[in-house]
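My numbering runs 5 ahead of the 1-based position in the sequence shown.
For each residue, glycine too, the CB sits at the ideal point set by N, CA and C.
Written below as structure tokens is the structure these notes are about.
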Amino acid sequence: MSRFPPCFQPQSKCIALNRLLPCFTMNPILQTPQKSTCQSLSNATVAAHYQPYSSFSSSSGRSSTNVDSSFRWKPMCLYYSQGKCSKMDDPSHVDKFNHDCSRDFPVNAADFHRKQPQDFDFFLVLDLEGKVEILEFPVLIIDAKAMAVVDLFHRFVRPSAMSEQRTSEYIERKYGKFGVDGVWHATALPFKEVLEQFETWLTQRCLWKGKHGTCLNRAAFVTCGNWDLKTIVPHQCKVSEVKLPAYFMEWINLKDVYQNFYNPKQEARGMRAMMDQLRIPILGSHHLGIDDTKNIARVLLRMLADGAVIPITARRSPASPDNVNFLYKNRIR
Ligand SMILES: [Zn+2]
Numbered sequence: 006m007s008r009f010p011p012c013f014q015p016q017s018k019c020i021a022l023n024r025l026l027p028c029f030t031m032n033p034i035l036q037t038p039q040k041s042t043c044q045s046l047s048n049a050t051v052a053a054h055y056q057p058y059s060s061f062s063s064s065s066g067r068s069s070t071n072v073d074s075s076f077r078w079k080p081m082c083l084y085y086s087q088g089k090c091s092k093m094d095d096p097s098h099v100d101k102f103n104h105d106c107s108r109d110f111p112v113n114a115a116d117f118h119r120k121q122p123q124d125f126d127f128f129l130v131l132d133l134e135g136k137v138e139i140l141e142f143p144v145l146i147i148d149a150k151a152m153a154v155v156d157l158f159h160r161f162v163r164p165s166a167m168s169e170q171r172t173s174e175y176i177e178r179k180y181g182k183f184g185v186d187g188v189w190h191a192t193a194l195p196f197k198e199v200l201e202q203f204e205t206w207l208t209q210r211c212l213w214k215g216k217h218g219t220c221l222n223r224a225a226f227v228t229c230g231n232w233d234l235k236t237i238v239p240h241q242c243k244v245s246e247v248k249l250p251a252y253f254m255e256w257i258n259l260k261d262v263y264q265n266f267y268n269p270k271q272e273a274r275g276m277r278a279m280m281d282q283l284r285i286p287i288l289g290s291h292h293l294g295i296d297d298t299k300n301i302a303r304v305l306l307r308m309l310a311d312g313a314v315i316p317i318t319a320r321r322s323p324a325s326p327d328n329v330n331f332l333y334k335n336r337i338r
């Protein structure tokens with residue numbers, strides 16, 4: 006049986022579907038009644054009133070750098086990012102860890118001068134971690150009009166087919182060096198459960214209708230490369246015995262858009278290269294998914310501010326979902 010949904014709709018159908026959905030207005034996140042999600046529901050507003058911190062320091066083993074020396078980068082509370090922080094009333098904990106997903110993304114009025122209309126109202130920046138199976142699933146929502154990070158979904162993912170011993174070794178190697186292997190073990194969920202929670206999260210934000218076979222509503226995934234949605238997600242779906250959701254059938258590979266927009270002499274083959282060329286310092290720990298996602302979001306925000314239009318770059322063929330069509334001719338291979 007095909008792993009792909011039988012009723013995967015091409016984009017034009019999705020646009021027709023969007024018109025039927027009444028729940029989207031300028032800022033749906035502000036309208037979504039909820040308690041359990043990222044506190045910064047009004048992140049567009051929060052970001053607009055962003056105040057840099059008064060000193061610079063790194064509060065864990067995780068590295069930090071910043072352009073503005075008055076800004077103090079803090080590592081994200083990885084319990085909070087997964088909706089499980091129980092120390093929000095502990096001032097020393099709140100001082101040490103970031104509990105606001107918009108905090109690293111100041112919005113400046115000057116950034117809006119060259120902004121172009123976009124095909125999508127929301128970009129869902131996704132950067133999965135894991136090689137054999139997915140270990141971390143972080144997604145940041147960027148409001149394309151406000152050019153602001155407005156929400157976050159983050160889960161650690163427990164492998165389905167790997168033995169416990171191998172998983173432990175794998176996690177120690179990958180997350181031990183960041184000092185977050187403990188939180189991984191305390192919070193990781195099987196992929197199937199993560200996907201169910203992600204779908205609830207999407208539906209609450211009117212980013213997905215909640216019906217199998219439908220794609221995202223006025224939103225698109227943004228990845229750095231094609232690996233996340235072309236390779237590892239279909240592989241994990243197969244391992245975890247779930248059908249590949251239709252909302253994963255198309256995506257934006259930011260590297261393709263970057264290459265065609267800036268046309269650099271030297272191809273930017275990854276996140277680090279794009280950040281180096283744009284002179285954006287890398288914050289946090291490279292290969293910790295939540296930090297990489299935030300860094301990719303910073304590249305995307307810069308591109309929006311520089312006047313880039315960010316379209317879909319890859320789409321599976323509805324008739325033959327194993328085939329991916331790449332929509333840019335000039336792309337990094
Ligand atoms: Zn916390």
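Cut-off 8 Å between Cβ atoms - residues of its own chain near residue 116, not counting five sequence neighbours on either side: 152, 306, 309, 310
Contact shell at 6 Å, judged by CB to any heavy atom of ligand 1, ordered along the chain: 82, 84, 85, 90, 92, 98, 102, 104
Nearest residue (CA-CA) to residue 227, options 103, 84, 256, 215: 256
Outcome for residue 241 when other beta-carbon atoms lying within 10 angstroms are tallied against a minimum of 16: buried
Residue closest to residue 289, alpha-carbon to alpha-carbon, out of 129, 183, 324: 183
Own chain, CB closer than 6 Å to residue 31, minus 5 neighbours either side, in chain order: For residue 31, the predicted structure reports a pLDDT of 29, less than 50, and the residue's modelled location is therefore unreliable. A value from the coordinates is still provided. Nothing listed; no residue qualifies.
When 313, 327, 312 are compared against residue 319, the one with the closest alpha-carbon: 327
Cβ neighbours of residue 144 in the same chain (closer than 6 Å, five flanking residues each side left out): A distance below 6 Å between beta-carbons, with the five flanking residues on each side excluded, links residue 144 to the following residues of its chain, in chain order: 129, 131, 158.
Cα-Cα separation between residue 94 and residue 334, rounded to whole angstroms: 52 Å
Inter-residue Cα distance where the pair is residue 173 and residue 196: 17 Å
Beta-carbon gap between residue 103 and residue 79 smaller than 7 Å: yes
Three-state class that DSSP yields for residue 155 in the structure shown: In the three-state DSSP reduction, residue 155 falls in the strand class (E or B).
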